[in-house]
Amino acid sequence: MIAQAYKEMLGAKSVIREISEWSTARGAEIGYDNVFDYSLGNPSVPCPASFTAACRDLLEHTDPVTLHGYTPTLTLPEVRAAVAESLNRRFGMDYTAAHIFMTSGAAGALAHALRCVGVPGQNVVTFAPFFPEYKPYAEGAGLALRVAPPRTADFQPDLDALDALVDENTAAVLINSPNNPSGVAYSAETLARLAQKLAAASQVYGHHIFLISDEPYREIAFGSPVPYPAQFYDDTLTCYSFSKSLSVPGERIGYLAANPRCEDADLIVPMCGQISRGTGHNCPSGLFQRAVARCLDDTSDLSVYKTNMELIYAELKRLGFTVQKPDGTFYIFPQALEADANAFCRKAMAYDLALVPGDTFGCPGYFRMAYCIETEKVRRSFAALERFVREEYGVQIHEK
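Here's what the structure looks like:
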């Protein structure tokens with residue numbers, strides 16, 4: 005007998021992936037250049053030359069048996085030490101190699117973090133809008149995901165909603181800043197107040213409530229540096245991926261960093277080793293662990309995302325959309341022109357626009373645009389977007 009839970013998941017495919025698949029199929033009909041695919045958050049710029057050079061040097065000059073062999077259960081100590089030093093230098097922290105665990109991207113880091121601090125039957129709280137995969141991540145660890153409603157005025161998390169959601173069975177609060185899908189970075193004031201609330205709740209319920217901070221978009225920031233949540237709250241596990249900063253999502257490499265002042269800080273990484281044994285997630289690529297350690301201060305040329313954001317934000321405002329200007333990421337999250345964002349996005353398909361409804365992010369009435377596409381294509385999409393809102397919604401267009 006096969007596992008019923010996973011069988012049932014076959015009927016609940018990712019909406020994002022379904023729309024992306026539609027875009028691919030439509031592109032086969034009319035040419036993909038003519039489909040304005042804002043569905044999938046797949047980096048559109050090449051990795052930096054330093055990453056390619058690091059991989060080439062490692063392949064050419066490292067003993068292949070060593071390079072391609074299993075890494076230690078707790079991952080490569082020299083790489084962990086390099087990550088710790090980088091975080092300390094950038095954010096004034098005091099990590100050591102003992103607090104860093106290399107993972108298969110941020111998803112792998114989240115899988116470990118949830119199992120480190122939660123036991124089946126407990127709950128994890130997050131804030132809408134949120135990355136929809138958080139639900140299977142939490143449920144896969146035996147935890148229930150509780151979702152605070154969105155604060156659409158500015159898309160900062162609704163901290164007032166925490167009191168009704170956090171209880172004696174809460175293991176952690178899960179945040180994502182800069183946020184997918186809103187593009188908003190949580191402010192220092194927000195993080196300070198969140199830390200106060202978590203400390204107070206931990207005191208009330210008699211156990212440490214952790215903060216799990218999902219930060220794959222940390223380097224894609226359009227103004228001031230994004231505040232680092234672990235600076236505000238000791239019981240923080242930081243989950244990071246190099247997928248966006250280095251444009252290497254297919255290499256699946258990231259890390260979990262345990263704040264040295266968190267509960268049982270020196271046990272977190274050894275626990276991750278045991279979790280890897282139980283999940284079959286042990287030993288991420290030795291080549292890519294070593295390569296990213298040489299590129300910790302590097303990023304791809306991320307400037308195209310700011311360029312695209314400014315263009316799209318200005319166009320959306322011109323067309324009359326209500327939209328919060330992103331602080332980072334490569335996403336923007338406008339309010340749809342009707343209450344049913346699913347219907348709005350279906351209608352957009354007739355204009356070869358692939359948009360993702362906000363319902364899948366826990367925020368009905370909004371839609372996401374992933375603008376990690378060529379700037380030239382962004383500009384060309386505006387004619388289709390203008391025709392869509394004029395013909396479907398009677399929007400009166402202001403002159404450019």
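Numbering (the working numbering), first residue to last: 5 to 404. By construction, the Cβ of each residue, glycine as well, lies at the ideal position given by its N, Cα and C atoms.
- For M13, the enclosing alpha helix (DSSP H) stretches over residues Q8 to M13.
- Taking all protein chains shown into account, P330 has 16 or more neighbouring C-beta atoms within 10 Å of its C-beta and is therefore buried.
- Secondary structure at A262: strand, using DSSP grouped into helix, strand and coil.
- For the alpha helix (DSSP H) assignment, the uninterrupted runs of no fewer than 4 residues enclosed by the segment 102 to 184 are, from N- to C-terminal side, 109 to 121, 138 to 144 and 166 to 169.
- Taking the Cα positions, A295 is about 6 Å away from C59.
- Here the C-alpha atom of V151 lies approximately 8 Å from the C-alpha atom of L169.
- Counting only runs of 4 or more residues that sit fully inside the segment 275 to 299, the alpha helix (DSSP H) segments are 290 to 297, in chain order.
- The C-beta distance from M106 to L80 rounds to 7 Å, short enough to meet the 8 Å contact threshold.
- Taking C-beta separations shorter than 8 Å and ignoring five residues to either side along the sequence, the partners of I224 in its chain run P182, K248, S249, L306, Y309, G332, T333 and F334, following chain order.
- Cβ atoms of K201 and L163 come within 8 Å of each other, at about 6 Å.
- Going by C-alpha positions, C349 is about 8 Å away from F371.
- Between I213 and T240, the C-beta spacing is not below 8 Å.
- Of the candidates A165, A115 and A101, the residue whose Cα lies closest to the Cα of T130 is A165.
- Counted as a single uninterrupted DSSP element, the beta strand (DSSP E) harbouring R372 occupies residues F371 to A374.
- The beta carbon of T326 sits closer than 8 Å to those of P338 and Q339, all from its chain and outside the five residues before and after it, given in chain order.
- Collapsing the DSSP output to three states places S249 in coil.
- In this structure, Y221 lies away from N263, with their beta-carbon atoms at least 8 Å apart.
- Using a C-beta cut-off of 8 Å, the segment 13 to 33 makes contact with the segment 357 to 372, since at least three inter-stretch Cβ pairs fall below that distance.
- Residue environment: G290 is assigned as buried (16 or more neighbouring CB atoms within 10 Å of its CB, all protein chains considered).
- Our two residues, E82 and A269, have alpha carbons roughly 19 Å apart in a direct line.
- With a 10 Å radius around the Cβ and a threshold of 16 neighbouring Cβ atoms, G112 comes out buried.
- Secondary structure note for D218: its beta strand (DSSP E) is the uninterrupted segment F214 to D218.
- Counted as a single uninterrupted DSSP element, the stretch harbouring H72 is not any alpha helix (DSSP H), since DSSP gives it neither H nor E.
- Closest option to L78, judged by alpha-carbon separation, among A142, S48 and Q293: Q293.
- Boundaries of the alpha helix (DSSP H) around T56: A53 to H65.
- DSSP places G31 in the uninterrupted alpha helix (DSSP H) bounded by V19 to I34.
- E314 and T242 have their C-alpha atoms spaced approximately 29 Å apart.
- Straight-line measurement puts the Cα of T100 at about 7 Å from the Cα of E89.
- For G277, the closest of H103, T194 and F246 by C-alpha to C-alpha distance is H103.
- Close CB contacts of F246 within its chain, under the 7 Å cut and outside five residues either way in sequence, are with V252, I257, G258 and V296 (chain order).
- Here the C-alpha atom of I377 lies approximately 32 Å from the C-alpha atom of L195.
- Annotated three-state conformation of G332 is strand, per DSSP.
- If you check the CB distance, A318 and Y355 do not come in under 8 Å.
- Cα atoms of F55 and G366: separation of roughly 36 Å, rounded to the nearest angstrom.
- Selection T311, Y375 and G73 evaluated against C287 yields G73 as nearest (Cα-Cα).
- Residue environment for G96: exposed (fewer than 16 other C-beta atoms within 10 angstroms of its C-beta).
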